[in-house]
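The structure appears right after this line, and notes come after that.
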Amino acid sequence: MQITHITKDDFFTAFSKALKASLTPRNIQTDFRAIGLIPHNHGSVLARPDSKPVKPSLPISYSGTPNFWVTKTPQTSHKINLQYADEKDEKFKFKDSPTT
Numbered sequence: 019m020q021i022t023h024i025t026k027d028d029f030f031t032a033f034s035k036a037l038k039a040s041l042t043p044r045n046i047q048t049d050f051r052a053i054g055l056i057p058h059n060h061g062s063v064l065a066r067p068d069s070k071p072v073k074p075s076l077p078i079s080y081s082g083t084p085n086f087w088v089t090k091t092p093q094t095s096h097k098i099n100l101q102y103a104d105e106k107d108e109k110f111k112f113k114d115s116p117t118t
């Protein structure tokens, strides 16, 4: 018998059972041991390849010059308000332009 459809309620019931079955102390300890955390093994941890964050290159504008504006999440309420005001101004500029 092959299941081709599952309801949300059935999914969450099955997911809950599968999660409980998989998160056993033995599985967790095996995974930690596999990556060298328990027992603490510097050699195993340090032998892993370095995962360095990739810095994205600056996007190139249509004119061929680098575009130095980089999106960034605002960190203060003042910066959020400035971003909101900028977006409002942009929408106002195009308010009366025809849609295509």
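If you count the sequence shown from 1, you need to add 18 to reach the numbering used here.
Ideal Cβ positions, reconstructed from N, Cα and C, are used throughout, including at glycine.
Where residue i falls: helix, strand or coil (DSSP)
i: LEU41; result: coil
i: ALA36; result: helix
i: GLY61; result: helix
i: LEU100; result: helix
i: ILE56; result: coil
Same chain, Cβ closer than 7 Å to residue i, five either side skipped, listed in chain order
i: GLN101; result: PRO92
i: ILE46; result: none
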